[in-house]
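> Once you've had a glance at the structure underneath, I'll fire off some questions.
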Amino acid sequence: MSDRIVSWHGNPSKPLYTPPPGAIDAHCHVFGPMAQFPFSAKAKYLPEDAGPDMLFALRDHLGFMRNVIVQASCHGTDNAATLDAIARSQGKARGVAVVDPAISEAELAAMHEGGIRGIRFNFLKRLVDDAPKDRFLDAASRLPEGWHVVIYFEADILDELRPFMDAIPVPLVIDHMGRPDVTQGPDGADMKAFRRLLDSRDDIWFKATCPDRLDAAGAPWNAFADAVAPLVSDYQDRVIWGTDWPHPNMQDNVPDDGHLVDMIPRIAPTAALQMKLLVTNPMRLYWPEEPAAKHTRGAAHCLGDHPFAKDLDLPDGLPPE
């Protein structure tokens with residue numbers, strides 16, 4: 001690889017939707033800076049630098065308070081960039097690491113002190129060369145108290161992964177709902193299989209994320225909204241949301257992060273659902289020692305000529321600002 005890629009929007013719009021106070025972008029990444037934090041020799045893509053200063057500026061621009069930074073596959077099992085970003089967040093970030101399954105308990109304890117609260121297992125063959133389930137299970141059995149496992153896979157291998165997931169002894173968080181085919185709708189085969197997974201354990205969570213990855217029709221991502229809104233409603237105490245910035249490998253279809261935020265009221269149409277999705281639930285996973293923010297009402301605002309205005313199903317009775 002020689003050409004470094006840019007996969008994020010250079011000038012994202014200001015969202016029309018305002019998240020509730022304390023809102024958390026619970027799925028995002030940092031890339032580099034490469035001079036300080038080199039990419040893995042096994043990386044399948046080589047991005048331009050997208051470091052914590054950029055991430056935190058975007059957080060503020062979009063109206064969020066905190067981040068959960070998920071180790072990007074381009075950094076392999078060296079979590080230094082993620083830990084550095086957390087350390088520079090002034091207490092406003094926690095993280096999910098990617099580790100060598102042989103990691104020691106002392107190393108895990110040090111990561112806990114650095115703000116890590118989970119580890120990620122990636123089963124996308126285009127991103128990783130090896131995913132040893134037996135060694136992953138051993139690592140999962142040694143996690144510090146309160147940690148969870150994040151799993152990234154595609155819908156066509158869900159059934160194959162079920163025995164492995166059933167054996168994991170800590171809570172699970174499924175990235176991007178296991179990448180279902182949202183064009184099948186809320187009652188399609190992929191969503192039904194995913195619901196069976198969620199029904200199998202009450203400690204399986206999911207991220208209602210990435211319409212830009214899952215809805216090939218593009219913005220305003222109507223198929224995604226139609227398929228995902230019922231899932232959020234039915235499992236509202238086990239769902240979180242994030243931007244996925246800086247959108248790894250999306251250089252050919254870069255989303256506007258402001259538009260991604262404006263999808264929130266389309267998949268969580270009430271203030272109560274939005275509070276769970278953006279504050280209460282991610283606080284339970286990543287800041288359990290702190291009381292979750294009190295229920296507050298997110299506000300809808302002047303829609304103007306925004307391209308999503310006709311599609312935003314905003315909560316009734318919310319005052320303008």
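Under this note's numbering, the sequence shown has 280 at position 280, and the numbering climbs by one with no breaks.
Each residue gets a CB set at the ideal place from its N, CA and C atoms; glycine is no exception.
1) Going by DSSP, name the residue or residues bridged to residue 121.
2) Using the C-alpha atoms, what's the distance from residue 119 back to residue 146?
3) Under the DSSP definition of a beta bridge, which residues are partnered with residue 97?
4) DSSP three-state call for residue 168: helix, strand or coil?
5) Kindly confirm or deny that the stretch 83-91 and the stretch 279-286 touch, where touching means at least three C-beta pairs closer than 8 Å.
6) Grab me the residues of residue 208's own chain with a C-beta within less than 6 Å of its C-beta, minus the 5 sequence neighbours each way, in chain order.
7) When you compare each of 171, 274, 131 to residue 149 by their alpha carbons, which one comes out closest?
8) The alpha helix (DSSP H) that contains residue 25, what's its start and end?
9) CA-CA distance, residue 297 and residue 272?
10) For residue 26 versus residue 63, is the C-beta distance shorter than 8 Å?
11) If you draw a straight line from the C-alpha of residue 21 to the C-alpha of residue 10, how long is it?
12) Give the C-beta separation of residue 7 and residue 250 to the nearest angstrom, bearing in mind that I take them to be a contact with Cβ-Cβ under 8 Å.
13) Span of the beta strand (DSSP E) holding residue 66?
14) When the distance is taken between beta carbons, is residue 154 closer than 8 Å to residue 124?
15) Taking C-alpha atoms, which residue in 40, 65, 47 lies nearest to residue 279?
16) Quick check: residue 136 and residue 182, are their CB atoms within less than 8 Å of each other?
17) To which residues of the same chain is residue 144 closer than 7 Å at the C-beta, ignoring the five residues directly before and after it?
18) Expressed to the nearest angstrom, what Euclidean distance is found between the alpha-carbon atoms of residue 281 and residue 43?
19) On a CA-only basis, which of 178, 28, 131 is nearest residue 72? Give me that one, please.
20) Starting from residue 194, trace the alpha helix (DSSP H) both ways and give me its first and last residue.
From the atom records:
1) Sequence index remark: in the sequence shown, residue 121 carries index 121 (1-based). BP columns for residue 121 point to 151.
2) In the sequence shown, counting from the first residue as 1, residue 146 sits at position 146. In the sequence shown, counting from the first residue as 1, residue 119 sits at position 119. Using only the alpha carbons, I get a separation of about 12 Å.
3) Counted from its first residue, the sequence shown places residue 97 at position 97. Answer by DSSP bridge pairing, in chain order: 119.
4) For the purposes of this step, residue 168 is taken as residue 168 along the sequence shown, with counting starting at 1. It is coil, neither helix nor strand.
5) no
6) Translated into the one-based positions of the sequence shown, residue 208 becomes position 208. Closer than 6 Å at the Cβ level, and outside the excluded window around residue 208, lie 228, 232, 239, 241, 267.
7) Mapped onto the sequence shown, residue 149 falls at position 149. It is 171 whose Cα lies nearest to the Cα of residue 149.
8) The residue labelled residue 25 in the question sits at position 25 within the sequence shown. Note, residue 25: premise wrong, no alpha helix (DSSP H); beta strand (DSSP E) at 24-28.
9) Position 297 of the sequence shown, counted from the first residue, corresponds to residue 297. Position 272 of the sequence shown, counted from the first residue, corresponds to residue 272. Confidence at residue 297 is low in this model, with a pLDDT of 34, below 50, so the placement of that residue is unreliable and no value is reported for it.
10) For the purposes of this step, residue 26 is taken as the residue at position 26 of the sequence shown. For the purposes of this step, residue 63 is taken as the residue at position 63 of the sequence shown. The answer is no: Cβ separation not under 8 Å.
11) Working through the sequence shown from its first residue, we reach residue 21 at position 21. Working through the sequence shown from its first residue, we reach residue 10 at position 10. In a straight line, the C-alpha of residue 21 is about 26 Å away from that of residue 10.
12) In the sequence shown, the residue the question calls residue 7 occupies position 7. In the sequence shown, the residue the question calls residue 250 occupies position 250. The Cβ separation is near 5 Å, so the contact holds.
13) On the sequence shown, position 66 is the one that residue 66 refers to. Residue 66 -> beta strand (DSSP E) spans 66-70.
14) As a first step, residue 124 must be located in the sequence shown, where it is residue number 124. As a first step, residue 154 must be located in the sequence shown, where it is residue number 154. In contact: residue 124 and residue 154 (Cβ atoms closer than 8 Å).
15) Reading the sequence shown from its first residue, position 279 is the one you call residue 279. The residue with the shortest Cα to Cα distance from residue 279 is 65.
16) Residue numbering aside, residue 136 sits at position 136 when the sequence shown is read from its first letter. Residue numbering aside, residue 182 sits at position 182 when the sequence shown is read from its first letter. Against a cut-off of 8 Å, the Cβ pair of residue 182 and residue 136 comes out as no contact.
17) Mapped onto the sequence shown, residue 144 falls at position 144. These residues qualify, in order along the chain: 108, 109, 112.
18) If you number the sequence shown from 1, residue 281 lands on position 281. If you number the sequence shown from 1, residue 43 lands on position 43. Cα to Cα, residue 281 sits roughly 32 Å from residue 43.
19) The count along the sequence shown starts at 1 and reaches residue 72 at position 72. That would be 28, whose Cα lies nearest to the Cα of residue 72.
20) As a working note, residue 194 is residue 194 in the sequence shown. Here the alpha helix (DSSP H) through residue 194 covers 189-200.
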